[in-house]
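Okay, structure first, notes after.
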Amino acid sequence: MGPQNWPPNHNLINLSAAAINLSRRHPSPPTAAPQLRRSRLPISDAVPIYEQLVAAFPTAAKYWKQYIEAHMAVNNDEATRQIFSRCLLNCLQVPLWRCYIRFIRKVNDKKGMEGQEETKKAFEFMLNYVGKFQL
Numbered sequence: 329m330g331p332q333n334w335p336p337n338h339n340l341i342n343l344s345a346a347a348i349n350l351s352r353r354h355p356s357p358p359t360a361a362p363q364l365r366r367s368r369l370p371i372s373d374a375v376p377i378y379e380q381l382v383a384a385f386p387t388a389a390k391y392w393k394q395y396i397e398a399h400m401a402v403n404n405d406e407a408t409r410q411i412f413s414r415c416l417l418n419c420l421q422v423p424l425w426r427c428y429i430r431f432i433r434k435v436n437d438k439k440g441m442e443g444q445e446e447t448k449k450a451f452e453f454m455l456n457y458v459g460k461f462q463l
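This is the structure:
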């Protein structure tokens, strides 16, 4: 059964190896890569492709965010944390940091006051870095 016959599923993500080929031909991240959305791969198959993308474009927040959101979609909180630890300080783009805050809020949602304090620390962390360069 080919990708075109796969059912829509939150365990599948949009990604294509064509993005890697584009990255080899272009010195900067491709801005319009429709191939990224044409095939749907299970997260386990997509990880190596994402790793190649973020290695080729380590400051491209778009690819880091897609990678993170793929793990968030399958509730892989540990992998999400690890990816955030690799990219946040190198990618000071607001959309990526908003994704970080959304993740922190999600994982701390049911922790009461302790969770609120952790979320507050995450906001302060974000403002400390993004605020210096974006505001």
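Our numbering runs 328 ahead of the 1-based position in the sequence shown. The C-beta atom is built at its ideal place from N, Cα and C for all residues, glycine as well.
> Between P423 and the rest of its own chain, which residues show a CB-CB distance below 7 angstroms, the 5 nearest in sequence each way excluded?
Replying inline: A389 and K393
Margin query: Can you check which of these residues, R368, F385 and N404, is closest to K434 by C-alpha distance?
Written below: N404
In whole angstroms, give me the CA-to-CA distance for F453 and A398.
23 angstroms
With 16 as the cutoff for other CB atoms within 10 Å, does M441 come out buried or exposed?
-> exposed
Look at the Cβ atom of T447, then the Cβ atom of F431, and state whether they are nearer than 7 angstroms.
no
Tell me where the alpha helix (DSSP H) around A388 begins and ends.
Where A388 is concerned, there is no enclosing alpha helix (DSSP H), given that its DSSP letter is neither H nor E.
Along the chain, where does the alpha helix (DSSP H) that runs through K434 open and close?
V422 to N436
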